[in-house]
Each structure stands twice: as C-alpha cells, then as structure tokens.
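S.K.: Protein chains in written order, with the working numbering: chain A, 447 to 874; chain B, 4 to 165; chain C, 310 to 1207.
All residues carry an ideal CB built from backbone N, CA and C; glycine is no exception.
Fair warning: this is a prediction, and the values are worked out from it, not measured in the lab.
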Amino acid sequence: MATEKVLTSNIRPDLSYVDIAAYESSGGYEGLRKAMTLAPGQVTELVKQSNLRGRGGAGFPTGMKWSFVPMGADAPRPKYLVANADEMEPGTFKDRLLMEGDPHELIEGMATAAYAIQADVAYIFLRGEYLLSAERLRRAIAEAYERHYLGKNILGSGYNLEMHVHLSGGRYMCGEETGLLNALEGKRANPRTKPPFPQVSGLFGKPTIVQNVETLCNVPHIVKNGPGWFKSLGKTQDSGTKIYGVSGKVKRPGLWELPMGTTVREILEAHAGGMRDGLKFRGVLPGGASTDFLVADHLDVPMDFTGVAKAGSRMGTGTMIVLDDHTCPVGMVRNLEHFFAQESCGWCTPCWSGLAWAEKALSAMEDGQGQPGDLAHLEHICRLCAPGNTFCALAPGAVEPLQSALKYFREDFERHIAEKRCPWRSHE
Amino acid sequence: MQAQEDLSVLSPDERQEIEAELGHYPNKRAVCIDAMKVVQRHRGWVSDESLRDIADLLEMSADELDSVATFYNLIFRKPVGRHVIMVCDSVSCWVMGYDRLRERLMKRLGVKVGETTADSRFTLLPIVCLGACDHAPVMIVDDDLHHNVDAENLDEVLEKYK
Amino acid sequence: MKIFVDNRPFDVHAGQSLLQACLTLGFDLPYFCWHPAMGSVGACRQCAVKQYKDEADKRGRIVMSCMTPVTEDLRISVKDAEVSAFRAGVIEGLMISHPHDCPVCDEGGECHLQDMTVMTGHNYRRYRFNKRTFRNQYLGPFVNHEMNRCIQCYRCVRYYREYTGGRDLDVFALRNLAYFGRYEDGVLENEFAGNLVEICPTGVFTDKTLKHHYTRKWDLQMAPSVCVHCALGCNTTAGERYGSLRRIVNRYNGEVNGYFLCDRGRFGYEFVNHKDRIRQPLARKNGRLRPVTRSEALSQLRSILSGAKLAGIASPRASLEANFVLRALVGPERFYAGVSEAQYRLTAAIIELLKTGPAHTPSLREIERSDAVLILGEDVTNVAPRMALALRQSVRQAAFRLAEKLHIPVWLDHPVREAAQDLRSPLFVAATHGTKLDDVAKEAFHAAPLEIARLGFAVAHAIDASAPEPANLSEEMRALASRIAEALKGASKPLVVSGTSLNSQEVVDAAANVAWALCRIGKPASLSFTLPECNSMGLALMGAKPFVEGMEAVRNGEADSLVVLENDLYRRTSRENVDALLATAQHVIVLDLLANPTTAKAEVVLPAGSFAEAEGTLVSSEGRAQRLFRVYAPGGDVQESWRWLRDMMAEAGRQEATAWETFDDVLGSTAQAIPAIHGAVGAAPPATFRLAGAKIPREPHRYSGRTAMLANISVSEPKPPEDADSPLSYTMEGYPEQPPPALTPYFWAPGWNSIQSVNAFQEEIAGPLRGGDPGVRLIEPRPGNGYRSCVSEAFVARGEAWLLAPLYHIFGSEELSPWAPAVSELAPQTYVALRPDDASRLGAEEGQEVEVQWNGTAHRLPVKFRADLPAGVAGLPVGLPGTECAGLPVWAKISKPL
Ligand SMILES: Cc1cc2nc3c(=O)[nH]c(=O)nc-3n(C[C@H](O)[C@H](O)[C@H](O)COP(=O)(O)O)c2cc1C
Ligand code: SF4
Ligand code: FES
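Structure below.
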C-alpha cells in the first residue's frame, strides 16, 4: 500500500540516530524557517485550518487550543510550551519511536509551536524510563542550539526560545496535562482544577500549552506544506496521517504511519498480519488501556476520532491491544484495573476507592472468589467513575475497558463466578 | 551502592549536577525530582540523609520532599541491589506471558517482586508499560531495555549483570 | 441573584460557590474536602448535585457544588435519585477502609463522617476485602494520630501547610494509601496544629489532652467562654463533666477568631484542674497557711477589715466586674493596677492613641483582609498567636486580586494559589529578632527597640512629610522606610501592628504616626496593638492608678493592708520591691486560682473561680467587651472573685454590697460607674433573657447519666444548681431553638453533630453569626490629631554591655497555660539568648551558663544561640520560671562565671 510517510520518513530501519545534517538534508527545519517569515498568529491560523487534532488521546483541535493563549505585549511572561512525552498509557508506544527515530522533528515542531504562541521556554516532559530518547533529544537540542534553531535570536528573527528535557519521576498521572504541570513544578502530580485552563494559568502560573509528541511532530509539515495538503492525507474528515500500533497475539505486532481513518480491519489484517495461528480475535482496545473494547462487529470502523467514538469507544492514542480467545478477558481487565488503581493519584474518592475495590473484586473473581452481586457492583463503580464525577480523566478512562468488557464478555465474567475459577487458567 | 555510604553528605559531583539543573527552572523546588534522581544515579537510592541534604539545598522541609518522593515510582526510598530489574506488568506484556516471565525470574533469583537478592546483586521490581508493547514481554535492567524476554533467553540476559 | 433548587426559586449572593449557597439556604448537602475558611478543591466528590441546562433539560449532569459558581437562573437538584445514589456511593467508597471503631473513637458523636454517612443513607457494608492499615505517629502532647480512620479528604495538609504555613505535616504516597503525617515522629511544630482536631472530619487527629479525661460531646456541660491566655479574646466553648474541665473547642465568632484557635488557647485549659488549685480559703496561723472554713475565713477578714486602710491591687486577668468590686471595696483612690510600670504607661498611652486618633482598631477579620501590613516590634505568633494566623492570610490579598483579574473565583483555592505562586501582599516585620511571620514577609528588619521606633517614624515621614523625621537616618534605613511607605500607600486597607511587648513608648508612638500619616493621605488605615493579658484593656479602661503609687502608699502608711486580686505581683516588678511591699503591709489578702509566690506570702487566701467557674466580662485588645459564662458551678468554697470581694464588703459593713445579688447587678453598677466601659452591658443578654419562656441548657439533649452520675455518693438525684447570673441553666431541658450568639453554649443542629454545625448558626456561611457576632466594641477612633514627636537618639551598641530584649514564648511566657501539663511540656527552660559571635567572644558554648547582671542582680543562665539578634542586643525569655523580666529591655552585663 502506497502511503505517504510524513512523520516517520526519516526513521531508519535500524533506528540509529538521525543527526541534524541528515535531518536538514531531507528538508528538516524548513517548516520552522517558513514559520519565522510569518506572524505568530498566522502560524496558529495554519494549524487551525489543517484541522490537526491532538494525538495524546483526547483529540482536541490543536490550533484552537493555541488561540486561547494571551498574546501581545501585556501577556504574562514567561510563556511555556511543554511536549507531553510521558507515554505511560499501557499499550502505547508511538511517541518513543518518534523521539528515538527522529528527535529533530519533535524539536522543530516544538520550536514552531512555541513561536506561534510566543513561548519563552519549552520543556520536553519525558518518561523516566525513556533514557535513549532523553540522550538523543539532548544531543539533538544541542545541535539545534548550535544552528540557531533554538536559543537567542532564532534564525535572526529576534525570537528566543530555551528548551530543556525533564525526566519524570514516574507516574501515569504525569501524562495528564495538569498533573504534568505539577510534576514539572516539583510537586506531586495531582491534577489541577480546570478552568482556569493552562493556556491562561499553567506552568508556574503562566500561560502554557501542553501538546503530545506526535501532535507537535505534525506542525512543521503543516506549516511547510499547507493545511490543504495535510487534510488530503487523511481518509476521513480527520486530517493527516496517524501512527497506529498493534500489540497482543497478532503475527506482526508493530507501528505504522497510515492515513487517518484507516479501518481497524486493515490495520489488524494487512499490517499486523492477523491473529497468530490457532487464535481467534475476540476484541481490541483501539487506543490504549483507557479505551472501550471494540469487537468483531466493529472491524470496519475507521480509526479516527469520529469513527471510533460512534462505535462507542475512543481512538485514544491509536495503539491497539488485541484480545484473543486463549486469553481470559477477566484477567486482562484485572490487569488493566490493577494498573489504574495503582496509578490513581489519590485525590478524588471515586477513583482511589472505586478502582481499588474493582481491582480486588476482579482478582477475587479470577481466584474463584467471585460472588453473584459482583458484576452489578462493578457496573456501579463504572457509573461512579463516569466523566464529570471524578476530578480528572484517569478514572473515567480506567472504567472504559471494564464497562465494555462487562458488556461484550459478560458470559466470561459469569462463568468465573458460577464455576468459582478462571476457565482459562487450566489451559496454560 | 552500600547503605553506609549514604551517611555522607552530598558529594561535590552530586551538588554540581543538581545545581546545573537549577538554571532550567524559575525556582529551586522545581528541581527536587531531578535532584533526587541525581542522587539515585550515584547511590542507587535516596536515603533519609540524602533526602535531608537535598531538602536543605532546595530550601524545602524533609516532609515536603518526601511527600514528592513517595508519590513517584522511580524514586527509591529503600536500598536496592547492584542491578535493578524492572519487569513490565502492564496489559500487552501480560497478554504475551508476563506471568510466566515473573515466575521464572522469582525462581531464578530466589526473591519475590519487590525484594533484593541475598547477594545484593538484583532487585526485582514491577514497572508499568515500557512503551515497547510490540516486543512484549519486556523488562529493563538498569538502563537497558530487553525485548521479547522469555524463559529461554532470560538467563542469557541476566548473565550480563554481575 | 436567583437560583432554582429542585424547582423552587431562592435568592442567593453572587460570587460564592453553589455548595456555600446551598448550605446557607439550609440544605443538607454533605461535603468533606471543602472548608469555609479554605475554599474548594473538589477532591472528595461528596457535594455532588444535578445541574440542568434549563427548564426543559430533564436529564441534567452531575456537578460538584463546591466547584460550581452560582449564576443567574442556575437550576439544580439536590434530591434527584441519581445524584443521591452517587453521594451514597462516594460515602461507601470513603468507608471501605474506615474502621468500625466509632464506639472507641474520640470523634464519635461529633464526627462529620458519621453525620454525612447518615445523611447520605449509606448503612450497609458491601466491601468484603481487607482494609488498608497504617502505623500512627507521635505528634506531640496536643494531637493524637490514628491514621486508619483517614478518608483522604486532604483537609489536614491543606490547613496545616497552606493555611498556617506549617511545613512538617504532609501527604505521602498515593492512591488509596495516601498517608497524612510527618516525615518522622515528632512534635508538630506549628502553633495552630490543634485546629486539626476540628479540621479533620473524622478521628484521625483528636485532642490528646481530652483523652486523659475523655467525655463525649453529648455528655459535656458546656458554656460560651472566652480564651484567657492572651488579649485577643478568641471565643471558645468549654466543656465540663464531673466537676473538671474536659476541653476547649473553637466557638465561631466571625469578627474575632473565625474557625480557629491557637494551641495555647485550646490546650492551656488544664490549669483549671490542676492539683495546686486553691479550692478552700487559707489563713495563716503560726506562720503557716492552713485551710479554714468559709466562715472562719470571713470572720478573720472581718477583723482585718475593721480599721484597715486598704489598698487594692487590680488584675489584668480578672473580669471587669471583679476589678470593679475591688475598686468599690478599697475606693477609687486606693485602686491600683497590678501591672508593671511600663505596661501601665503603655496601655494607657495606647488607649489614648486609639481614642484620640483617626486610625481604627481592627477586628481579626479585618486584619485578615488588610492588604499591606507593617509590624513594629512584635513577635506576633508568640504574643498574640491568633493574630499571626490572620496576618498570614492577609498576604493572600494580592493573590485574590490577581485571581479576580483572571476570572478565577477566590474560593477556588488551588487555581488561586497556582496562579499566584509566590505573589503576596506586602507585609513588613520589624522586630528585635526573627519571627515566624518572616517567611511571608516582604522584608524583615531586626534591630534594637529604638531603631524599630526610628524606622516607624521614618516610614510615617515618608508617607506624610509633615510627620516628624528622626535625625541621622542611615541611607539604608531611609530606603527601607520609603519601600515600606510605598507599599502601605499602595494598599487599600493598610494595617500597622504594634504593642507593648518591647515596653517602648517610642515604638507605640511610631506605629501611631504611621497609621495616622496614612489616614492623613486618605487611606483607611487600621492600627492594632497587642496587649499581654486577657483583660489588660479592660483594666486600663477602668482608670486604676499605677502600681508604683500603690507601693508608695503602703510605704508611706497611707495604706496599711493589701487586697490582691488574681495577681502574682512577682511578675510585675522586681522581687525586692514585692518583698518589701508584702513585708510592709500589715495584712495581705489574696484572691487567686493557683498557688504562686504572692499567695505564699498572704495572710488570707481566697479561692477564686477560674474562667470556667465564673461569669465575667473581658475587654480584648481590639476593645471588644465579651462575656464569658460559668461552665459549671464550682464545688466547695470556690466562687467568683467579685462575690468574695462583695462578701468582704458585707463583712466590713458596707451596705451597698448587699445590692449585688447577681452578676447583672454588679455589671450594671460597673458600667454605670465607669463610662469608658458602659457598653459592656450589651455584650450578652441579661440573666432574665428567656427563649420561649425557658432558660438555655448547658447540656445537650442527649446528656447521659444524669440520674446516675453521683449515685456513688447518694442514690437520689441531686437538684441541678440554679444559675441566677445568666440565662443558661445547668440542665439538658430547653427550647430547641438557636439562642442568641453570645449565649450559644455549643453548636448543634439536627443531623449535624460535629463542629460543622456552625453552618446552621451563620447568617451566611463563613459570615457573621445570626444575630450578629458577639461582643461590643468600646473604642472607636476620632479623626484629627497631631503626630507624636519622634525619638532622636539612634541605638548604639555598647561593647561591654548588652541590651536585654524580651523574648516571648507562646508556650511558657503566659502565666496560666504552663500549669497545663501539655503546654508545660513544650515550654522551654529559661536561658539567655546571645548571638553566636557574642557568645564566642565571651568564650561560651551553647548550653553553657553565663552570668547576666542587670538592675543590680546577677543571674546564671544557660546560653542559647540566636543568630537573628542585632548587634549589641541579647534576649531574655519572658515569664518563664526563674527569670525576673519586668521592665525589659534593660542593659545587662554578661560574663562567663568563674
Ligand atoms: C491519566 C492521563 C494520562 C495521560 N497521558 C498522556 C500521555 O502520556 N501523553 C500524552 O500526550 N497525553 C496524555 N494524556 C492526555 C493529556 O492530558 C493531554 O490531553 C494531551 O497531552 C494534550 O495534547 P494533544 O492535544 O496534543 O493530544 C493523558 C491524559 C490522562 C487523563
Ligand atoms: S480521577 Fe481523581 S484520584 Fe483519579 S487520578 Fe484523577 S484526580 Fe486522581
Ligand atoms: S466538598 Fe465538593 S468535592 Fe469535596
């Protein structure tokens, strides 16, 4: 299949470092150069027109987000741009590829975005375990400073930008954009109240934009090639390409940059090679651990924000986790809820208590200790943690796989309770 | 990496590395996570003594710093072995056989998850998704990521760490 | 503005949260993480309501009322089934690890968690797994820790860290294992830690002093009281059982203490129960004081009084009424204020400044709302603790203003803090040493008293050039003064705080000049003076003569006998003076609570009722007259000082005394005789007041064991004592309606057993109490005055001598609270504070003894280093046993003992 590679075109098969010379020779930093010839507002406008939506999971229109940042001489200073490179959502492994494979793309994207909002300081908030990414980004940042893509008077424009890498202390909550701000301030990564939004009062109380790595990597290409080009890349109304991934018991787990809106089936079958021999497809978490299961009925759903939402889930990060028929759905959900319960920041009650309870109930079920009322109670916990009921989106995300598993795999849960054991455990 | 060393105050190197971070943020406190990681790089963990030193340096109370330290999972407030094994226990690795890998590791090392071997060679810890799900199961030993680890190649991996 | 709750329209004030509005309207809406003094953070999710877009919207969505601002035509439901189920679900979640230990939990019966659990209807535990458990910590003598009861509402850390500025309590770990405590076991460092007892909605933090003589709230006999441990007049509720005082809790007064007390006020009460309390009259026989009966004492007094030329020593810790009857007994001519000479002059000067100047004396609430503050010469945390907490809030005014600009509601606590970061309204501290408020101060200036005064005068001059300027100002000081002046001028509610701590007329005058200069340029400046004792202000308003004149009168024979009212004279002047006075006087009659060096020299000692056993009016440093009520009728011979003094008058054949049957009789005469305190009669309704024809019960309606309490003594239930002095009764029967604020013996409302029930007593949540906050202000400013002239001489350090400046300790310096074991545990031993360089010059290590000589006497004191003292100044703690400190600062010689 002939697809235009935009984000991953420089990435080498052996994943070796792409230095600034190599990056420039393939047209790198042209987007930033072009941006510098435009007014900041014009850059924002281009991104707005491109219909770029956030790749971190929520799909918020990027240009619109930028337009909330106070501009002009009396805007509070310094302003900040933060790349959200926390990538701790289980099943998600796309940003690492971009940072290791082509770090300058992120740096160029950040410099361009920072220029649009006239940020003074940019941070890359990086997962603590991504040490190779850190090393390469630091190296690339140093190269970019040297060539005046960063630092004082960038490319002679008079615009200044500092860029730093921050390695996280490690918590899923650091990916939540306001938790991230607290973590960057050296605090516990509890989420913050919104409003006020970070665009107005963010890092250190100043206007701040937080953006996913993949989102930022798109920006220089949009500026360079125009919004029309970007829109034409997608198969559906959601523009651009998307890095899709598949993990689980498929033949070829991996990552592919494909047009936005490629169907689930195409990704699973044409790219991931279908299920391993002897296994049947039962369901998939389309975009990371915090999304609702899709099942066989949904295979022809286009993987974009609208399509997946219509099917009752979220595209999330676009990295899928496949459930096969030899794997226990209850065990899988137990594993997921263990993760979420463990990562709950402990701020709001439905989350810290509800998820801990859900994990315990699911573990009991797996161990043959389930009780008849448990499923109703798990559904009750899902309702407690519904969007709006909790302080941040962690808990609502946490119950997405649970509530959909209860819907699609109910008989499996019921068997656990009725048989007082996990029917899959004897298989292995 | 012995606990006794930690009674000493921050070394000049540690101090310097922490101070280098100060320029990246508008206030001292923001450096606290970086600072604890600096110490951890040098000593393997953050002892009570180190914590107090860092707190003093950053004008925080020990209570404030420990409140931050205990929130995050990559800050170790207990001593660890010479090598830290962190096995991913999240969903993709679980689907791909995390349970077997963990069993194998526990047997091989003679410790439970969360413990350190008697010879202080390894500490075995769980870790959340390492962003290498297409190569599950995975684990990190010290700074190295190991892909597709299974019962067969596990010994080979561990051999590299003395 | 109008909102609809379950389709009924209500009028509410704009600018508040929906939770606040609903509580004001009287809806029973549960909450945990929200606190009226600390705003909303949306953590517990307990206060959920349904919000509807409009009338047509039937589905609505769940919102947290604490995080939702009220807006015009807002439509919500409290009763909706889905949201009610959600609230019950949240409680169920909170309770999964909560132990079922209400029967043995100190909080039981006044537990917010219990109340809210009942309110939501959650009544069955479905959770069948293990509960998480924690280790508890030792947090010092005041507060007990029981972490298993925690529901993770985060109130404690928010209060301790964000509200009080404490840095040694925090939250550790996360998820359902969040641990609230200290980094390691140890005494909580903050002086307001005791409020955790009321802040915590369940039994994690409880009153450790109460534990030693535990009583449930419903079994306490309670009365409205006023703290006697400083001059601020914080309102308290005191509770008794079996004749002993069991505890103090905060009694909300919107203008004074609001929701919080200091730890001295909360935990100092145990002096009342001390074994050395004087509970029987004592009379000297054969050189020794021995217990005598009441009638023996009175007959002995009769013979003393006949023909004696009496002088009365009045007390700044006794009520207006007790002082007044003393004045009546000895006559205004022989009525002397038992305070040090310096205190006497200064308090009088302060009243003069407040009554004849244009600056207003602010309530604590007004202090909290000041947006620029200058503190001259006061270590507020140690002298007037609750004021320090108010001042700490004042610096947030700048954050509130920024928030308004960013359209962030000021009650949205974290967004305001995040936006403001370190932004603070200016607060300047000029003191002889570092103070606990320095951490929020824009600048802290440490200097000798004279220099502090000169700084003040310079600030006044910088504000208004017609105010006098001190000579020979250094450039540095002039620049500092102008920075302070600019900050004060830029404020809309500037405040100057000073007081009597340094015994310095110059400092007090300087403070007045600053405030007056601000008034001159059109700023509504406030001027607040701290005073040492709970009725320092009241006594000064009564116009007693100075103590020195009293001593002189005895010396020259104008008086030959002394009546000393609740006063240890050794705290007022030098030992020599007091020894001489007591030796010269033919008869010394002392009324007091506790044995002290003065009672030890008396001929007759009469057992005076403590605040818990006496009615009285006290006037706070704000000039607010407040009433305190007997909590219980004291057993045996203990009675109010005014009654003893009245009885003495009767013994002396003074007929007018027989008219003073009840407290109101004396109060009426007091107010009539002394115009300056005339307003005091309005501080509380008279004894004849009735609520629907009934008295107000001091006991809650669930008071238990009444028939059995004394069955070990007699099986017939004793008749409860009568109380002719107040509208309160010593019973549990009464009219179930809210009494007037000054008479509220405790806060309780149906469904609200905890202290949070105060919500139901306020006109508006966190606003004034219904019917007005208690107390009557006796002092109001009068515009127009001239400036005080300023000091010329600069302070010069002397090589061979040190100026001994007074150092105050919240735990230790005040007279009564160290009798409480918990407080005395935290009181330091006496010492002399030296700069480390001075100490090394003397060759003294920390802890080593040196010889300190002043006023011709020598003292051996261990050295404590204080690097924050200015050059040439040393410090001496005030009020600790073993230090004679009246009349500081003085020049002292310090040397290493041989
Ligand atoms: C619990 C939680 C974890 C998150 N983790 C990440 C993350 O690791 N990386 C990321 O880009 N966004 C993450 N998000 C989404 C961010 O909050 C935010 O929406 C995103 O960074 C915005 O960038 P975008 O608009 O470019 O997607 C997370 C959200 C939640 C609620
Ligand atoms: S939902 Fe609540 S407890 Fe969970 S992570 Fe968000 S704020 Fe923390
Ligand atoms: S009181 Fe509203 S969320 Fe806690």
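Answer with yes or no whether the minimum CB distance from residue 784(C) to chain B is below 9 angstroms.
M.R.: Not closer than 9 angstroms to any Cβ of chain B, the Cβ of residue 784(C) fails to qualify, so no.
S.K.: Please state whether DSSP places residue 702(C) in a helix, a strand or coil.
M.R.: Residue state, collapsed to three classes: helix.
S.K.: With a threshold of 16 other CB atoms inside 10 Å of the CB of residue 602(C), please say whether the residue is buried or exposed.
M.R.: Residue 602(C) is exposed by the Cβ-count criterion.
S.K.: What separation, rounded to the nearest whole angstrom, lies between the Cα atoms of residue 131(B) and residue 491(C)?
M.R.: Distance between the alpha carbons of residue 131(B) and residue 491(C) is about 29 angstroms.
S.K.: Consult DSSP for residue 947(C) and reduce its assignment to one of helix, strand or coil.
M.R.: Coil, per DSSP.
S.K.: Closer than 8 angstroms to a non-hydrogen atom of ligand 1 - does that hold for the CB of residue 487(A)?
M.R.: Incorrect: residue 487(A) has no Cβ contact closer than 8 angstroms to ligand 1.
S.K.: Step through the CB atoms of chain B and report whether any lies within less than 9 angstroms of the CB of residue 791(A).
M.R.: Chain B, which has a Cβ nearer than 9 angstroms to the Cβ of residue 791(A), makes this yes.
S.K.: At the level of alpha carbons, what is the spacing between residue 605(A) and residue 561(A)?
M.R.: Cα to Cα, residue 605(A) sits roughly 8 angstroms from residue 561(A).
S.K.: Following a CB-centred definition, is residue 260(C) positioned closer than 8 angstroms to any heavy atom of ligand 1?
M.R.: Here chain C covers residues 310 to 1207 and nothing more, so residue 260(C) does not appear.
S.K.: Please return the same chain residues whose Cβ sits closer than 6 angstroms to the Cβ of residue 1114(C), not counting the five positions on each side in sequence.
M.R.: Closer than 6 angstroms at the Cβ level, and outside the excluded window around residue 1114(C), lie 741, 1182, 1184 and 1198.
S.K.: Should residue 4(B) be flagged as near chain A, meaning a C-beta pair shorter than 9 angstroms?
M.R.: In this predicted model, residue 4(B) has a pLDDT of only 41, less than 50, meaning its place in the structure is not dependable enough to derive any value.
S.K.: On the three-state DSSP scale, how would you describe residue 233(B)?
M.R.: No answer is possible for residue 233(B): the residues shown for chain B start at 4 and end at 165.
S.K.: So the candidates are 1021(C), 1040(C) and 1024(C); which of them puts its Cα closest to the Cα of residue 1030(C)?
M.R.: Answer by Cα proximity: 1040(C).
S.K.: Smallest Cα separation from residue 712(A): which of 648(A), 723(A), 691(A) and 695(A)?
M.R.: Ranking 648(A), 723(A), 691(A) and 695(A) by Cα distance to residue 712(A) puts 691(A) first.
S.K.: By alpha-carbon positions, which one of 102(B), 111(B), 73(B) and 41(B) ends up nearest to residue 160(B)?
M.R.: When each option's Cα is compared against that of residue 160(B), the closest is 111(B).
S.K.: When the cut-off is 9 angstroms and only beta carbons count, does residue 794(A) lie next to chain C?
M.R.: So, interface residue.
S.K.: Straight-line CA distance for residue 760(C) to residue 658(C)?
M.R.: About 20 angstroms.
S.K.: Do you know offhand how far residue 668(A)'s Cα is from residue 677(A)'s?
M.R.: Cα-Cα distance, rounded: 9 angstroms.
S.K.: Under DSSP, the beta strand (DSSP E) around residue 526(A) begins and ends at which residues?
M.R.: Unbroken beta strand (DSSP E) run through residue 526(A): 526-531.
S.K.: By Cβ distance below 6 angstroms, which residues in the same chain neighbour residue 918(C) in space, the five residues on each side in sequence not counted?
M.R.: 943, 947, 948 and 949.
S.K.: On the DSSP bridge assignment, give the partners of residue 684(C) in chain order.
M.R.: Looking at the DSSP assignment, residue 684(C) forms a beta bridge with 738(C) and 806(C).
S.K.: Using only the alpha-carbon positions, how far apart do residue 5(B) and residue 800(A) sit?
M.R.: Per-residue confidence for residue 5(B) stands at a pLDDT of 43, beneath the threshold of 50, marking its modelled position as unreliable; no derived number is given.
S.K.: Pick out whichever of 1176(C), 1133(C), 1085(C) and 1071(C) has its Cα sitting closest to the Cα of residue 332(C).
M.R.: Checked all of 1176(C), 1133(C), 1085(C) and 1071(C); the closest Cα to residue 332(C) is 1071(C).
S.K.: Is there a Cβ of chain B sitting closer than 9 angstroms to that of residue 564(A), yes or no?
M.R.: It does not; no Cβ of chain B falls within 9 angstroms.
S.K.: I'd like the list of long-range same chain contacts for residue 583(A), defined as Cβ closer than 8 angstroms, with 5 residues on each side in sequence excluded.
M.R.: Result list for residue 583(A): 545, 549, 552, 553, 570, 572 and 611, in chain order.
S.K.: Would you list the one or two residues that DSSP bridges to residue 556(C)?
M.R.: In DSSP, residue 556(C) forms a bridge with 548(C).
S.K.: Of all the residues that make up the stretch 46-65 of chain B, which are near chain A by a beta-carbon distance shorter than 9 angstroms?
M.R.: So the close ones are 61 and 63.
S.K.: Give the interface partners of residue 835(A) over in chain C, defined as CB-CB distance under 8 angstroms, in chain order.
M.R.: Residues of chain C passing the Cβ test: 354, 357, 371 and 395.
S.K.: Measuring alpha carbon to alpha carbon, tell me which residue in 1157(C), 1207(C) and 312(C) is nearest residue 324(C).
M.R.: Ranking the options by Cα distance to residue 324(C), first place goes to 312(C).
S.K.: Cα separation between residue 672(A) and residue 634(A)?
M.R.: Going from the Cα of residue 672(A) to the Cα of residue 634(A) covers about 40 angstroms.
S.K.: Quick one: grab the DSSP three-state call for residue 691(A).
M.R.: It is a strand residue.
S.K.: With 16 other CB atoms within 10 Å as the buried threshold, where does residue 813(C) fall?
M.R.: Result: buried.
S.K.: Using only the heavy atoms of ligand 1, determine whether one of them is closer than 8 angstroms to the beta carbon of residue 633(A).
M.R.: Every heavy atom of ligand 1 is 8 angstroms or more from the Cβ of residue 633(A), so no.
S.K.: Using the Cβ count rule (16 or more neighbours within 10 Å means buried), how would you classify residue 644(A)?
M.R.: Answer is buried; the Cβ neighbour count reaches 16.
S.K.: Would the beta-carbon of residue 506(A) be found less than 8 angstroms away from any heavy atom of ligand 1?
M.R.: Residue 506(A): yes, Cβ under 8 angstroms from ligand 1.
S.K.: Check whether the Cβ of residue 621(A) lies closer than 8 angstroms to any heavy atom of ligand 1, and answer yes or no.
M.R.: Yes; taking the cut-off as 8 angstroms, the Cβ of residue 621(A) has a heavy atom of ligand 1 nearer than that.
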